[in-house]
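Student: Sequence order for the protein chains is U and A. Residue 1 is where the first sequence starts when you use UniProt numbering, and the numbers rise one by one after that. Residue 1 is where the second sequence starts when you use UniProt numbering, and the numbers rise one by one after that. My structure is below; once you've seen it, I'll send some questions.
Protein chains: 2
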Amino acid sequence: MARNEVTRIGLDAKFNHAGLRQGLTPATLRKLDAISRLRVFPRDAVVVPQGAALEYVGNVVRGVLRMDRLLSDGRSQIVGLLVPSDMFGRVFSERSDYSIEAATEVTLCCFERHAFETLVRTCPDLEHAVLLAVLDELDAAREWITLRAGATVAARLATYLLMLCRRWPHQTSELTHDAQRIIVNVPIARNDLAHYLGTTVESISRTVQAFSRDGMISILTPLRFEILDLPGLIVMSDNDEFDAASLLAGLRG
Amino acid sequence: MARNEVTRIGLDAKFNHAGLRQGLTPATLRKLDAISRLRVFPRDAVVVPQGAALEYVGNVVRGVLRMDRLLSDGRSQIVGLLVPSDMFGRVFSERSDYSIEAATEVTLCCFERHAFETLVRTCPDLEHAVLLAVLDELDAAREWITLRAGATVAARLATYLLMLCRRWPHQTSELTHDAQRIIVNVPIARNDLAHYLGTTVESISRTVQAFSRDGMISILTPLRFEILDLPGLIVMSDNDEFDAASLLAGLRG
DNA sequence: GCTTCTGATTGATGCAGGTCAAGGGCATCC
DNA sequence: GGATGCCCTTGACCTGCATCAATCAGAAGC
């Protein structure tokens with residue numbers, strides 16, 4: 001169903017409108033280009049503060065954005081990650097319920113929101129493209145809910161790693177596959193990963209080490225694992241939707 | 001931001017296209033009516049099985065739908081609730097990643113999916129209406145993620161009750177407000193509520209009783225509470241976004 | 001070389017809440 | 001009436017993991 005999944009790292013560094021681009025007429029593309037502007041943010045920069053007026057929408061060109069909501073007790077909860085080609089902001093809304101921050105250094109293609117909305121209302125092809133993008137976001141949000149549904153930290157981590165695998169066919173560089181080796185590059189640091197999976201850095205660390213001890217993965221670097229026992233991971237994930245054969249087929253293809 | 005929130009019970013039993021209706025031209029409405037069909041499902045009926053081809057999309061006229069995903073260990077995870085005026089199914093997708101079931105007896109207004117999609121592509125006003133509906137669903141999904149983010153069962157339950165309160169201004173009958181009393185009608189049974197909040201019936205029961213002992217609520221019936229200490233509930237929820245004054249203002253207005 | 005800082009790991013402890021099991025209230029049915 | 005069902009409640013136990021705290025590894029700066 002989803003072209004979009006929870007996390008993706010895909011990249012061509014060149015300027016693009018990514019997900020929106022296809023299906024648009026040259027005329028619409030020209031108008032889009034006219035109101036677009038490329039911006040770069042350093043790691044941990046706040047792109048849109050929680051509750052603030054939404055001046056821009058756009059899409060991620062390079063890097064990872066995290067959407068998180070601050071709780072009154074000072075903790076924060078990540079409600080989603082945005083990776084290249086994902087849209088950020090929310091059309092037809094005045095303010096954002098969560099803050100949008102740079103999880104890594106990011107390059108964004110920004111549109112002034114009102115101009116973009118006007119364009120959407122006048123170009124049916126753009127409106128359709130936006131609809132598809134939003135549907136993808138919705139799928140991603142639901143998949144993310146599934147991810148968080150796992151009873152144990154081990155189940156959630158296994159699910160997350162499998163999601164990263166499945167996304168390989170569409171996007172590059174999360175995962176390299178040579179001579180039967182399955183290498184997963186985790187796009188965010190332990191801290192963000194812990195928030196993302198609804199747990200703590202300590203638990204993530206313990207679980208990763210446990211996977212390694214049990215021979216399910218091998219830790220190449222803290223953010224780079226080799227998957228040794230795919231079926232084992234699938235069992236750990238407690239999730240029906242993964243299938244070793246089709247995952248491997250996807251990795252080969 | 002959201003017109004749509006996690007749960008809503010609103011009802012006019014008469015046939016309508018609810019959320020989609022406004023902003024549509026009479027011509028589009030006529031075409032929509034031509035492909036629509038009203039269907040009634042008994043409680044616990046499966047409207048769309050998980051993984052099945054999606055033949056219909058539509059919206060809820062009366063009752064509550066739950067979307068849930070079955071896990072390999074037999075447990076199931078609710079990924080969202082749909083209440084009157086919400087759309088179900090997913091346009092432009094062949095299959096559903098979760099099953100859609102009736103949490104109560106429901107009346108649905110169904111459209112054959114392909115016919116609906118064709119109509120969407122040819123009527124820009126309908127496409128815009130669908131875009132807005134999907135954006136609302138996305139907000140609901142994110143809000144639901146926030147709900148599940150609460151560390152403790154008590155926090156999640158408090159958040160849920162507050163969400164039910166906030167929705168009063170827009171929809172009827174969850175909540176009656178006479179002479180300063182705030183009455184909340186929970187739309188689903190303990191079992192579904194437990195799944196929804198990511199816990200068990202036992203924990204729900206214990207937490208509800210604890211709220212009652214602490215004088216925060218009074219249990220009128222198992223599905224009907226009176227809120228006695230709104231500020232206390234807000235503190236329990238650990239959630240910045242609720243504000244007693246504006247909630248009360250909303251209840252009065 | 002030696003600091004300092006940031007991120008990852010490991011250990012010890014306590015508690016929230018899941019699990020198992022046994023009632024209790026209130027229907028409907030014979 | 002009693003029996004069977006569903007749903008909610010309450011209790012006792014025990015596990016997973018958050019918390020607090022110390023240590024360790026690598027990178028950057030002097």
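Beta carbons: idealized from backbone N, C-alpha and C, even for Gly. Note that the structure is predicted; figures quoted are calculated from it, not measured.
1. Drop a sphere of 10 angstroms on the beta-carbon of Gly215 (chain U), count the other beta-carbons inside from all chains shown, and report buried for 16 or more, exposed for fewer.
2. From what residue to what residue does the alpha helix (DSSP H) around Arg75 (chain U) run?
3. Considering just the uninterrupted stretch of the alpha helix (DSSP H) at Leu108 (chain A), what are its terminal residues?
4. Which residues does DSSP list as the beta-bridge partners of Thr207 (chain U)?
5. Do Val106 (chain U) and Val153 (chain U) count as a contact pair if the criterion is CB distance below 8 Å?
6. Going by DSSP, which residues form a beta bridge with Leu82 (chain U)?
7. What does Val79 (chain U) touch in chain A if you count any residue whose Cβ is under 7 Å from its own?
8. Could you check the C-alpha separation between Gly23 (chain A) and Ile217 (chain A) for me, to the nearest Å?
9. Under 8 Å by Cβ, that's how I've got Arg43 (chain A) and Val79 (chain U) pegged, so tell me the actual separation to the nearest angstrom.
10. Is it buried or exposed, Ile219 (chain A), if we count other Cβ atoms within 10 angstroms and call 16 or more buried?
11. Could you tell me the distance, in whole angstroms, from the CA atom of Met67 (chain A) to the CA atom of Ile183 (chain U)?
12. Measuring alpha carbon to alpha carbon, tell me which of U:Glu55, U:Gly58, U:Phe41 ends up nearest Ala102 (chain U).
13. Would you mind stating whether Cys165 (chain U) and Leu247 (chain U) have Cβ atoms separated by less than 8 Å?
14. Between the stretch 107–121 of chain U and the stretch 33–40 of chain U, are three or more C-beta pairs nearer than 8 Å?
15. Is there at least one Cβ from chain A nearer than 8 Å to Glu127 (chain U)'s Cβ?
16. What's the call for Gly63 (chain U), buried or exposed, on a 16-neighbour Cβ count within 10 Å?
17. Which residue from U:Ala133, U:Ser99, U:Gln209 puts its Cα closest to that of Leu223 (chain U)?
18. Would Ser96 (chain A) pass as a contact of Gln50 (chain A) if the rule is Cβ separation under 8 Å?
19. What do you reckon, are the CB atoms on Ser76 (chain U) and Leu82 (chain U) nearer than 8 Å?
20. Using the beta-carbon of each residue, which ones in chain A are nearer than 7 Å to Val134 (chain U)?
21. DSSP on Arg95 (chain U), reduced to helix/strand/coil?
22. For Met87 (chain U), write down the residues that DSSP places opposite it in a beta bridge.
23. Note down, in chain order, each residue of its chain lying with its Cβ closer than 6 Å to the Cβ of Met87 (chain U), except the 5 sequence neighbours on either side.
Tutor: Taking the definition as stated:
1. As a working mapping, residue 215 (chain U) is identified with position 215 in the first sequence. Exposed, since its Cβ has fewer than 16 Cβ neighbours within 10 Å.
2. Stepping through the first sequence from its first residue, residue 75 (chain U) is reached at position 75. Looking at the DSSP string, Arg75 (chain U) is not in any alpha helix (DSSP H), and its letter there is neither H nor E.
3. As a position in the second sequence, residue 108 (chain A) is number 108, starting the count at 1. Note, Leu108 (chain A): premise wrong, no alpha helix (DSSP H); beta strand (DSSP E) at 106–112.
4. Position 207 of the first sequence, counted from the start, is the residue given in the question as residue 207 (chain U). BP columns for Thr207 (chain U) are empty, so no partner.
5. Here the question's residue 153 (chain U) lines up with position 153 in the first sequence. Here the question's residue 106 (chain U) lines up with position 106 in the first sequence. Not a contact, by the Cβ cut-off of 8 Å.
6. Here residue 82 (chain U) refers to the residue found at position 82 of the first sequence. DSSP, once it has assigned bridges, lists U:Leu65 as partnering Leu82 (chain U).
7. As a position in the first sequence, residue 79 (chain U) is number 79, starting the count at 1. Within chain A, the residues near Val79 (chain U) are Arg142, Ile145, Thr146.
8. The sequence position of residue 23 (chain A) within the second sequence is 23, counting from 1. The sequence position of residue 217 (chain A) within the second sequence is 217, counting from 1. Straight-line Cα distance between these residues: approximately 41 Å.
9. Numbered from 1 along the second sequence, position 43 holds the residue referred to as residue 43 (chain A). Numbered from 1 along the first sequence, position 79 holds the residue referred to as residue 79 (chain U). With a Cβ gap of about 32 Å, Arg43 (chain A) and Val79 (chain U) do not count as contacting.
10. Mapped onto the second sequence, residue 219 (chain A) falls at position 219. Per the 10 Å Cβ criterion, exposed.
11. Position 67 of the second sequence, counted from the start, is the residue given in the question as residue 67 (chain A). Position 183 of the first sequence, counted from the start, is the residue given in the question as residue 183 (chain U). Straight-line Cα distance between these residues: approximately 34 Å.
12. The residue labelled residue 102 (chain U) in the question sits at position 102 within the first sequence. Checked all of U:Glu55, U:Gly58, U:Phe41; the closest Cα to Ala102 (chain U) is U:Phe41.
13. Residue 165 (chain U) sits at position 165 when you count from the first residue of the first sequence. Residue 247 (chain U) sits at position 247 when you count from the first residue of the first sequence. For Cys165 (chain U) and Leu247 (chain U), yes; Cβs fall inside 8 Å.
14. yes
15. As a working note, residue 127 (chain U) is residue 127 in the first sequence. Output row for Glu127 (chain U): interface = yes.
16. If you number the first sequence from 1, residue 63 (chain U) lands on position 63. Buried.
17. Residue numbering aside, residue 223 (chain U) sits at position 223 when the first sequence is read from its first letter. When only C-alpha atoms are compared, the closest one is U:Gln209.
18. The residue you call residue 96 (chain A) lines up with position 96 of the second sequence. The residue you call residue 50 (chain A) lines up with position 50 of the second sequence. In this structure, Gln50 (chain A) lies closer than 8 Å to Ser96 (chain A) by Cβ.
19. Residue 76 (chain U) sits at position 76 when you count from the first residue of the first sequence. Residue 82 (chain U) sits at position 82 when you count from the first residue of the first sequence. Not closer than 8 Å, so no.
20. Within the first sequence, residue 134 (chain U) is the residue found at index 134, counting from 1. Going along chain A in sequence order, the residues near Val134 (chain U) (Cβ under 7 Å) are Leu131, Val134, Leu135, Leu138.
21. Here residue 95 (chain U) corresponds to residue number 95 of the first sequence, with the count starting at 1. Here Arg95 (chain U) sits in strand by DSSP.
22. Position 87 of the first sequence, counted from the start, is the residue given in the question as residue 87 (chain U). Its beta-bridge partners are U:Asn59.
23. For the purposes of this step, residue 87 (chain U) is identified with residue 87 of the first sequence, where counting begins at 1. Here the set comprises Asn59, Ala133.
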